[in-house]
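Visitor: Sharing a structure, written as structure tokens. Questions coming.
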Amino acid sequence: MLFLIQAQPDATSSLISTIIMFLAIFLIFYFLIIRPQQKRAREHQKLIESLKKGDKVITSSGIHGKVVGLDDRTVLLEVDDGVKIKFEKTAIAVVTREG
1 MLFLIQAQPD ATSSLISTII MFLAIFLIFY FLIIRPQQKR AREHQKLIES LKKGDKVITS
61 SGIHGKVVGL DDRTVLLEVD DGVKIKFEKT AIAVVTREG
């Protein structure tokens, strides 16, 4: 009978181990998913802020073009001779500086 009483875990130790487990899962989630995504978002923001006329870019939809005009939120791309399309700056995926 004494053995059965000692085998039962204490309620506070069970609660503490559960909290530690949740904390460990959150830390793993943060370092593997949240932090790298924030880093990519900062890099993309710097890329958008550094756009200038003459840069060759690729949009997220795969359209290749040359920057011919910039606005606060939009960019004007020349995709062919005389064909210009206006995009949101956030749609720019890759910048190749050749201008």
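Mind the numbering: the sequence shown is residues 1 to 99 in UniProt numbering, read in order.
Cβ atoms here follow ideal geometry from the backbone N, Cα and C, with glycine treated the same way.
#1: Rounded to whole angstroms, what's the CA-CA distance from valine 67 to glutamine 45? Just pull it up for me.
#2: On the criterion of 16 or more Cβ atoms from any shown chain inside 10 Å, does glycine 65 qualify as buried, or is it exposed?
#3: If we call anything under 7 Å between Cβ atoms a contact, is serine 60 one with alanine 93?
#4: Excluding five sequence neighbours on each side, which residues of the same chain lie with their C-beta closer than 7 Å to the C-beta of threonine 74?
#5: In three-state DSSP terms, what is lysine 66?
#6: Quick one: measure Cβ to Cβ for leucine 77 and valine 57, integer angstroms, because I've assumed they're closer than 8 Å.
#7: Checking 7 Å against the spacing of the C-beta atoms, do arginine 97 and aspartate 55 come in under that value?
#8: Considering Cα atoms alone, identify which of Val83, Gly82, Lys53 and Asp80 is closest to glycine 69.
#9: Under three-state DSSP, which class holds lysine 39?
Guide: Let me spell this out:
#1: 17 Å
#2: buried
#3: yes
#4: Lys86, Phe87, Glu88 and Lys89
#5: strand
#6: 7 Å
#7: yes
#8: Lys53
#9: helix
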